[in-house]
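Structure record follows, encoded as structure tokens.
2 protein chains.
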Amino acid sequence: MKAGRKRRRRRDSAATRQALFAAGATAFAARGFDGAGVDEIAAAAGVNKAMLYYHFKSKRGLYTAVLADMFSAVADRVAPLATAPGDPAASLEAFVDALADACRERPHFPAIWLRELADEGRHLDASVVPIVRGILDTLAGLLARGRREGRFREVHPLLVQFGIIGPLLVYLGSAPARRRLLADAPQLAAIDDEMAFAHVKVATLATVLADPAGDTQ
Amino acid sequence: MKAGRKRRRRRDSAATRQALFAAGATAFAARGFDGAGVDEIAAAAGVNKAMLYYHFKSKRGLYTAVLADMFSAVADRVAPLATAPGDPAASLEAFVDALADACRERPHFPAIWLRELADEGRHLDASVVPIVRGILDTLAGLLARGRREGRFREVHPLLVQFGIIGPLLVYLGSAPARRRLLADAPQLAAIDDEMAFAHVKVATLATVLADPAGDTQ
DNA sequence: GTCTATAAATAGATAGAC
DNA sequence: GTCTATCTATTTATAGAC
Chain A
61 MKAGRKRRRR RDSAATRQAL FAAGATAFAA RGFDGAGVDE IAAAAGVNKA MLYYHFKSKR
121 GLYTAVLADM FSAVADRVAP LATAPGDPAA SLEAFVDALA DACRERPHFP AIWLRELADE
181 GRHLDASVVP IVRGILDTLA GLLARGRREG RFREVHPLLV QFGIIGPLLV YLGSAPARRR
241 LLADAPQLAA IDDEMAFAHV KVATLATVLA DPAGDTQ
Chain B
61 MKAGRKRRRR RDSAATRQAL FAAGATAFAA RGFDGAGVDE IAAAAGVNKA MLYYHFKSKR
121 GLYTAVLADM FSAVADRVAP LATAPGDPAA SLEAFVDALA DACRERPHFP AIWLRELADE
181 GRHLDASVVP IVRGILDTLA GLLARGRREG RFREVHPLLV QFGIIGPLLV YLGSAPARRR
241 LLADAPQLAA IDDEMAFAHV KVATLATVLA DPAGDTQ
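Protein sequence lines, in the order shown, are assigned to chains A and B.
If you use our numbering, the first sequence corresponds to residues 61 to 277, in order.
If you use our numbering, the second sequence corresponds to residues 61 to 277, in order.
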């Protein structure tokens, strides 16, 4: 009975933390770090505001937890691709899929990343920086492998990175804005997710694949 | 003398307004609508805070003025491209250049647009919506022309739009963040603007150009 | 048109009871 | 672990003198 009570308490605590996390992620995506208020976050989570400070220490602490979860998810997925066997082009497509999957599981992901890019890293905790950096290093490794194997041209990793996340984040992150702006043009607003991902892959491969003729420049 | 005084007063007033506009654009780009404070904006402009309300009515009024200037500049530049004579592919590259030029003249442009995309249109005044819409319509017209002439495949205008502005805004808008995150890897951080624009053009054309063989699917 | 002073509201954060 | 009540700082905005 004592143990039972303990277990229940622990589960409730984890549920509270999880509710705050989810509400925070949603609020930060929709309104940004400065726009989201701790009052609304707590209200949306259905818990008291003081709980936010108990579980995450501060508004910034909650934000950092959301960011770490986001970027870790991507980093874990893409890590194997830098040294994976097989066609580098397939690995590059898998890199796009990994990003797309992480975004699908976390609807708050694209908007938060878009804001973070514009934010001069002001809200980016030092603990998250290496994670983001790891993602870029993985892509650079993948591109180097493709080049060693003669499949890829020499391209700047950041340009490839931006060529992928740019359209992806803008497409997924602007969905709410699109619904407002294009409410009167449904045929314009209608896009299929898979079509968008395929588009990104075509565009990306076109910039990195070596000329079939064989010259690398 | 009376006229002279009048003229001088008018010029000073315009200068005040212009200083507020510039300071506001910079602050909104760096910190977002909610993150930027009217106090800092006025201080950065070197004028009194009350002047902001006199000239722009509210913080939101200033923000709307900045947005209208941004999107009007793009809309004006691209407008002729929908019906321009000549190769549609060249027009599409000119579309990219028009965006790039507007960003070059307005360093605040990319970051503000990035934030706006994530913002569910919350800070987008109704007067600005048709301007943004016009840009998209121009691109749709350009793509339709290219398809009529057999040069382009059938592609969703929004995908092309996102394929262009995504990398472009992310590349240009993340410059401050990049300087922070990649301070220790200058060879990674070093990108030439022209290289980035060329990259975007290659990626875009690859997704819209019809197969040279002639089949449109 | 420009400034000073201040109102009015809201923000993030904490102390302490339970 | 959770809630109530509150503190303090900051924010947008305005009234009124010059």
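Think of the CB as a built atom: it goes at the ideal place given N, C-alpha and C, for glycine as much as any other residue.
Point to revise | Inter-residue spacing [alpha-carbon to alpha-carbon] between residue 121/A and residue 98/A | key: 12 Å
**Study point:** Inter-residue CB distance, residue 159/A and residue 224/A (contact presumed, cutoff 8 Å)
**Key:** 7 Å
**Study point:** Cβ-based contacts, 8 Å cut-off: residues of the stretch 212-223 of chain A near chain B
**Key:** 215, 216, 217, 218, 219, 222, 223
Review point. Between the Cα of residue 261/B and the Cα atoms of 207/B, 226/B, 88/B, 208/B, which residue gives the shortest distance?
Key: 226/B
Practice item. Rounded to whole angstroms, what's the CA-CA distance from residue 269/A to residue 217/A? Just pull it up for me. Key: 13 Å
Practice item. Grab the span of the alpha helix (DSSP H) containing residue 170/A for me, first residue to last. Key: 169-178
**Study point:** Cα-Cα separation, residue 101/B to residue 254/B
**Key:** 32 Å
Review point. Is it buried or exposed for residue 247/A, if we count other Cβ within 10 angstroms and need 16 for buried?
Key: exposed
Practice item. State the start and end residues of the unbroken alpha helix (DSSP H) segment that holds residue 219/A. Key: 217-233
Review point. What are the start and end residues of the alpha helix (DSSP H) that includes residue 133/A?
Key: 119-138
Review point. Does residue 67/A get closer than 8 Å to chain B when you measure Cβ to Cβ?
Key: Legend: pLDDT at residue 67/A = 44, less than 50; position of this residue unreliable, no value from coordinates given.
**Study point:** Alpha-carbon to alpha-carbon, residue 170/B and residue 232/B
**Key:** 6 Å
Point to revise | C-alpha gap between residue 250/B and residue 181/A, whole angstroms | key: 18 Å
Check your understanding: What's the C-alpha gap between residue 103/B and residue 119/B?
Key -> 14 Å
**Study point:** CB contact flag (residue 264/B, residue 188/B, <8 Å)
**Key:** no
Review point. Given residue 271/A, which residues of its chain have a CB within under 8 Å of its CB, disregarding the five upstream and five downstream residues?
Key: 213
Check your understanding: Among 145/B, 148/B, 147/B, 154/B, which has the Cα closest to the Cα of residue 137/B?
Key -> 154/B
Exercise for review: Could you tell me the distance, in whole angstroms, from the CA atom of residue 140/B to the CA atom of residue 128/A?
Suggested key: 45 Å
Review point. To the nearest angstrom, how far is it from the Cα of residue 185/B to the Cα of residue 85/A?
Key: 26 Å
Point to revise | Nearest-angstrom Cβ-Cβ length linking residue 256/B and residue 199/A, presumed shorter than 8 Å | key: In fact, because the Cβ distance is near 16 Å, the residues do not count as touching under 8 Å.
Exercise for review: Can you give me the Cβ contacts of residue 229/B inside the same chain, cut-off strictly under 7 Å, excluding the 5 residues immediately before and after it?
Suggested key: 170, 173, 174
Practice item. Could you tell me the distance, in whole angstroms, from the CA atom of residue 196/B to the CA atom of residue 221/B? Key: 7 Å
**Study point:** Expected contact under 8 Å - CB spacing of residue 93/B and residue 183/B to nearest Å
**Key:** 5 Å
Check your understanding: At a CB-CB cut-off below 7 Å, which residues of chain A make contact with residue 231/B?
Key -> 222
Practice item. Just the chain B side, please: which residues come within less than 8 Å of residue 227/A by C-beta, in chain order? Key: 219, 222, 223, 226, 227
Exercise for review: Helix, strand or coil for residue 141/A, going by three-state DSSP, please let me know.
Suggested key: helix
Exercise for review: Give me whichever residues DSSP pairs with residue 212/A in a beta bridge.
Suggested key: 269/A
Exercise for review: Inspect the beta-carbon positions of residue 209/A and residue 148/A and report whether they are closer than 8 Å.
Suggested key: yes
Check your understanding: Does the distance from the CB of residue 177/B to the CB of residue 237/A come in under 8 Å?
Key -> yes
Point to revise | Any chain A beta carbon closer than 8 Å to residue 115/B | key: no
Point to revise | 8 Å Cβ cutoff, residue 175/B in contact with chain A | key: yes
Check your understanding: If you draw a straight line from the C-alpha of residue 239/A to the C-alpha of residue 130/A, how long is it?
Key -> 25 Å
Check your understanding: Cα separation between residue 241/A and residue 235/A?
Key -> 10 Å
Practice item. Reducing DSSP to helix, strand and coil, say where residue 187/A ends up. Key: coil
Review point. In whole angstroms, what is the alpha-carbon distance linking residue 161/A and residue 133/B?
Key: 36 Å
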